[in-house]
Every structure is written in C-alpha cells, then in structure tokens.
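The structure appears below as structure tokens.
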Amino acid sequence: MKTLIVCPNHEGNFDCTPFCSLCEGDQEFYSDGVVAEENTKGEIFAYDYKGVTIRPEGNQLTVWKSALGYSLFSPDNKKYFFDSLDEVKWFIEYELTK
Ligand SMILES: [Zn+2]
Numbered sequence: 055m056k057t058l059i060v061c062p063n064h065e066g067n068f069d070c071t072p073f074c075s076l077c078e079g080d081q082e083f084y085s086d087g088v089v090a091e092e093n094t095k096g097e098i099f100a101y102d103y104k105g106v107t108i109r110p111e112g113n114q115l116t117v118w119k120s121a122l123g124y125s126l127f128s129p130d131n132k133k134y135f136f137d138s139l140d141e142v143k144w145f146i147e148y149e150l151t152k
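This is the structure:
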C-alpha cells in the first residue's frame, strides 16, 4: 500500500536536502509497504518493512541483522547502514528470500 508520509527528518521545517535518506529533498515520500512506527507523542522513531525494523540514525537508515532472524548474540549480528529507503528495501527483500 502506498501512503504519502511527511518526512520526519525535517521535524516540520521542510528543509530536507537531496542527501536526506528518506525523502531525498522531496520533504515527503511514499511509504510503499513501509509502516511508520510512532511513539505516544506521535513522533516517528522507526519504520517497519515486512516485519523488519528500520531505524533512522542521522542521515542514514539502519537495520540490525537480528531483525532478519539472525541470533541476537551471534557474531554475525551486525548493524547495516543505508543511504536511502530504496536501498534498505532492496536489502530486506534480498535477505528474506535467501
Ligand atoms: Zn527528508
């Protein structure tokens, strides 16, 4: 399902640049299967794509490998960084079909 989400990175200032990992300067983006998770104040703190949690960190998006079914305590449990939502989705699709 495509839902237009106002980019949370600009915090209402609509000053995102093309380097924004979520909206790439559009100030809003189509979630396209990505569900925003809000805290009780209505602030977006994470995204969910096909059951995998994506957390924004600065200008990047991160996914822990444990979110993809790997053991939390495994040495393989690494954090991956991505520059765009499309990259994250591609990575998750790839990992889920392995
Ligand atoms: Zn943005």
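Using our numbering, you'd call the opening residue of the sequence shown number 55 and step up by one each time.
No residue lacks a Cβ here, since even glycine has one placed at the ideal position from N, Cα and C.
Remember, it's a predicted structure, so these values are computed and weren't measured experimentally.
- Per DSSP, E82 is one residue of the beta strand (DSSP E) stretching across E82 to Y84.
- Check the Cα spacing between F136 and each of S128, C77, T116 and E147: the tightest is with T116.
- Set against 6 Å, the gap from the CB of L115 to the closest heavy atom of ligand 1 is not smaller.
- E91: member of the beta strand (DSSP E) spanning V88 to E92, first to last residue.
- Within a 10 Å sphere around the beta-carbon of L126 sit fewer than 16 other beta-carbons, which makes this residue exposed.
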